[in-house]
Amino acid sequence: MKKICVFLALVLLMTNVAGCSNDNFETTQNATTVSVSQTESVTEAESEETIAETTAETTVAETTAVETTTETQREINIEITSPNLNEGVWDVQITNTLNGENLSPELSWNPVDGASYYAVYMIDTKAYWLHMEMLTTDTSVALGQIDGSDDNKYVGPYPPYGTHPYNIYVVALKDVPGEVKTHFDANGNKIDDFLEDLDITQNGESGNIVGYGILEGEYSAEN
48 MKKICVFLAL VLLMTNVAGC SNDNFETTQN ATTVSVSQTE SVTEAESEET
98 IAETTAETTV AETTAVETTT ETQREINIEI TSPNLNEGVW DVQITNTLNG
148 ENLSPELSWN PVDGASYYAV YMIDTKAYWL HMEMLTTDTS VALGQIDGSD
198 DNKYVGPYPP YGTHPYNIYV VALKDVPGEV KTHFDANGNK IDDFLEDLDI
248 TQNGESGNIV GYGILEGEYS AEN
């Protein structure tokens, strides 16, 4: 009887030890699983954050490059003046209206190093209407100088209604440009298109533009 009791006690002791071992194994296994899951979550979050930061930096770099290129293309290094422009309004004398004389405005601008020619335009940038086009080697235009001879043309502002902008553009060139597609005294004229054509010489070489300037003015039908 005593031997039986001792045997039963040993069996119970072994069972408890095994149970504790299983419990410890399961607890350790669960802890390991949680640790791995947490590590994977952190790694994924860090990866997503790194990708987001890289994408943002790339976008900023691309935007800056576009802005820099645009500014370089439109760098203004020619200052244009005219006594026929007062407080941003053109004198009636240069207009093609009942009270105007249809005389091309007096203009002057600073010379640009490397330039042999200057292309001069007046464009109504609201209607894309071309009022003046001229190619000259001088850095000034006298009042009424553009009389329609040769390839130089002028017709004064005559806004159909309201106030229209009439901007003067001077583009400094190394050489005579190739074909510049213009539509005199008609619409469909954009300075960006002119610049693209002017940048090609008559020999087909690019990089012809060495300077650019703009003089902004306006005239109203009510004037």
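Residue numbers (the numbering used here): 48 to 270. Even for Gly, the Cβ is constructed at its ideal location relative to N, Cα and C.
**Cβ pair residue 159, residue 178 closer than 8 Å** = No, Cβ-Cβ distance for residue 159 and residue 178 is not below 8 Å.
**Request:** Give the straight-line distance between the Cα atoms of residue 175 and residue 243, rounded to the nearest whole angstrom.
**Result:** Annotation: residue 175 to residue 243 spans about 16 Å, alpha carbon to alpha carbon.
**Request:** Only counting runs of 3 or more residues, tell me where the beta strand (DSSP E) segments fall wholly within the segment 125-207, in order along the chain.
**Result:** Listed in chain order, they are 154-156, 164-171 and 176-183.
**Supposed contact pair residue 215 and residue 127 - C-beta distance, whole angstroms, cut 8 Å** = Contact flag correct, Cβ pair sits at about 6 Å.
**Request:** Using the DSSP secondary-structure output, state which residues sit across from residue 211 in a beta bridge.
**Result:** 266, per the DSSP bridge assignment.
**Request:** Would you kindly work out how many angstroms separate the C-alpha atoms of residue 137 and residue 130, rounded to a whole number?
**Result:** One C-alpha to the other measures close to 9 Å.
**Request:** Verify whether the separation of the beta carbon atoms of residue 150 and residue 141 is less than 8 Å.
**Result:** In this structure, residue 150 lies near residue 141, with their beta-carbon atoms less than 8 Å apart.
**Request:** Keeping to the same chain, check which residues put their C-beta closer than 6 Å to that of residue 146; ignore five residues upstream and five downstream.
**Result:** Excluding sequence positions up to five before and after residue 146, its CB lies within less than 6 Å of the CB of 139, all in the same chain and listed in chain order.
**Request:** Can you give me the Cβ contacts of residue 93 inside the same chain, cut-off strictly under 6 Å, excluding the 5 residues immediately before and after it?
**Result:** Here residue 93 scores only 49 on pLDDT, less than 50, and its place in the model is too uncertain to base an answer on.
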